[in-house]
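Read through the structure below, which is laid out as structure tokens, and then see the notes.
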Amino acid sequence: MHQTLEQERTILVAGRLYLELAIEQKRGRGVEKAEWHHAGDGGHLAVAAARLGASVSLFTQVGSTSHDDDMLRTLAGEGVYVGGVVRRAPAPRATYIQEEYHGADQPLALSLPAASALTAEDAEGLDHLLLAHRWLLLDASLPVDFLDALAARAQLCGLHTALCLKKLPQEHIPRRTWKNVDYVVASTRAIETMVRKANWPPAVVHDARLLCGMLPALRGVLIVRATSDLLVSDGREHQRLPLGDCAVVHVRGVCSVAAAALVVALSEERGLFEAARFAHAAVRFYITHEGTRAAMPLRREMEWRG
0 MHQTLEQERT
10 ILVAGRLYLE
20 LAIEQKRGRG
30 VEKAEWHHAG
40 DGGHLAVAAA
50 RLGASVSLFT
60 QVGSTSHDDD
70 MLRTLAGEGV
80 YVGGVVRRAP
90 APRATYIQEE
100 YHGADQPLAL
110 SLPAASALTA
120 EDAEGLDHLL
130 LAHRWLLLDA
140 SLPVDFLDAL
150 AARAQLCGLH
160 TALCLKKLPQ
170 EHIPRRTWKN
180 VDYVVASTRA
190 IETMVRKANW
200 PPAVVHDARL
210 LCGMLPALRG
220 VLIVRATSDL
230 LVSDGREHQR
240 LPLGDCAVVH
250 VRGVCSVAAA
260 ALVVALSEER
270 GLFEAARFAH
280 AAVRFYITHE
290 GTRAAMPLRR
300 EMEWRG
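Numbering (numbering that gives the first Met the number 0), first residue to last: 0 to 305.
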């Protein structure tokens with residue numbers, strides 16, 4: 000891949016990238032359709048942000064197969080800079096298949112467990128990328144030691160940092176990491192897991208102000224409650240943005256679209272609540288169109304009057 004990093008880009012995304020098999024099943028008819036898709040929240044976040052008008056780079060780790068080449072070429076075709084990606088042989092293949100299920104009306108996603116091999120040492124070598132960007136958007140499924148090191152270095156380099164928390168990682172995210180995160184976009188599933196593990200009050204799922212109270216370094220929180228609504232808070236004010244009667248076609252990737260859109264709007268120096276309305280418009284478009292990346296809107300396609 001021959002790409003040149005511009006003098007300054009807007010958003011650096013750090014996240015996973017891998018292949019998955021999406022299987023559509025019809026009741027009583029078995030498998031209707033099975034397709035290989037490019038997956039991983041790193042790729043989804045980068046594509047969503049690029050389509051919404053941001054200048055985006057992706058830092059990830061992939062192997063050296065033709066499939067890995069194809070995933071990077073596809074991202075480059077979306078305008079995402081992938082020149083800094085780590086090409087590293089994957090760990091030995093797992094002996095089981097990982098399954099992601101989102102309900103009877105949604106495709107079943109099958110993949111090999113896609114654990115990233117990025118380490119804290121990798122984060123320490125990224126100052127050249129950090130200094131070329133103004134925002135860092137993190138996929139929370141990355142290894143915790145890498146997340147911790149990268150968030151700390153981003154703060155030293157003067158970047159704003161947002162964390163996309165679609166699912167809480169198995170490893171505990173240390174409190175020092177949260178001190179280096181400015182914004183969190185989280186799914187209900189992730190918040191419910193945090194409530195159980197940290198013994199937080201269940202009301203956190205319904206009031207984003209409480210999450211800001213639990214993590215006082217945060218400047219803003221956006222909770223994505225599936226296709227019901229978005230909750231946004233800066234720790235003082237709280238707003239609910241209902242998704243209404245949108246015809247739900249696809250729900251996978253909603254949290255990634257919301258996170259990317261919020262950071263794009265924040266990077267344009269919009270306030271938190273205006274940025275949340277921009278994210279709301281992007282999600283409304285997404286859940287009414289077919290596919291995962293295919294459904295991510297271009298900016299001109301959204302019903303947005305900001």
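Just so you know, even glycine gets a beta-carbon here, dropped at the ideal spot from N, CA and C.
Since this is a predicted model, take the numbers as computed values, not measurements.
With H, G and I counted as helix, E and B as strand and the rest as coil, what does DSSP make of residue i?
| i | result |
| --- | --- |
| residue 63 | coil |
| residue 201 | helix |
| residue 51 | coil |
| residue 69 | helix |
| residue 184 | strand |
| residue 167 | coil |
| residue 191 | helix |
| residue 246 | coil |
| residue 219 | strand |
| residue 45 | helix |
| residue 300 | helix |
| residue 146 | helix |
| residue 141 | coil |
| residue 151 | helix |
| residue 74 | helix |
Anyone know if the C-beta pair for residue i and residue j falls short of 8 Å?
| i | j | result |
| --- | --- | --- |
| residue 119 | residue 145 | yes |
| residue 125 | residue 281 | no |
| residue 40 | residue 8 | no |
| residue 242 | residue 283 | yes |
| residue 306 | residue 85 | Given that the chain is displayed from residue 0 to residue 305, the structure contains no residue 306 and the question cannot be resolved. |
| residue 232 | residue 211 | yes |
| residue 116 | residue 136 | no |
| residue 237 | residue 207 | yes |
| residue 247 | residue 286 | yes |
| residue 13 | residue 149 | yes |
| residue 252 | residue 37 | no |
| residue 225 | residue 256 | no |
| residue 216 | residue 165 | no |
| residue 61 | residue 10 | no |
Can you tell me where the alpha helix (DSSP H) holding residue i begins and where it ends?
| i | result |
| --- | --- |
| residue 279 | 271 to 285 |
| residue 255 | 253 to 266 |
| residue 127 | 126 to 129 |
| residue 208 | 207 to 213 |
| residue 122 | 119 to 123 |
With a CB to CB cut of under 7 Å and the five nearest residues on each side skipped, what residues in its chain are close to residue i?
| i | result |
| --- | --- |
| residue 209 | 200, 202 and 203 |
With residue i as the anchor, note down where its beta strand (DSSP E) starts and where it stops.
| i | result |
| --- | --- |
| residue 156 | Per DSSP, residue 156 belongs to no beta strand (DSSP E) and is neither H nor E. |
| residue 177 | No beta strand (DSSP E) contains residue 177, which is instead part of the alpha helix (DSSP H) from 174 to 177. |
| residue 239 | 237 to 241 |
| residue 138 | 134 to 138 |
| residue 229 | 228 to 232 |
| residue 12 | 10 to 13 |
Near residue i, which residues of its chain fall below 6 Å by C-beta distance, leaving aside the five closest residues on each side in sequence?
| i | result |
| --- | --- |
| residue 263 | 48, 51 and 53 |
| residue 181 | 159, 160 and 218 |
Cutting at 8 Å between CB atoms, please list the residues of its own chain near residue i, excluding the five before and the five after it.
| i | result |
| --- | --- |
| residue 194 | 200, 201, 203 and 204 |
Assess, as a yes-or-no matter, whether the segment 143 to 157 is touched by the segment 169 to 183 under the definition of 3 or more beta carbon pairs within less than 8 Å.
yes
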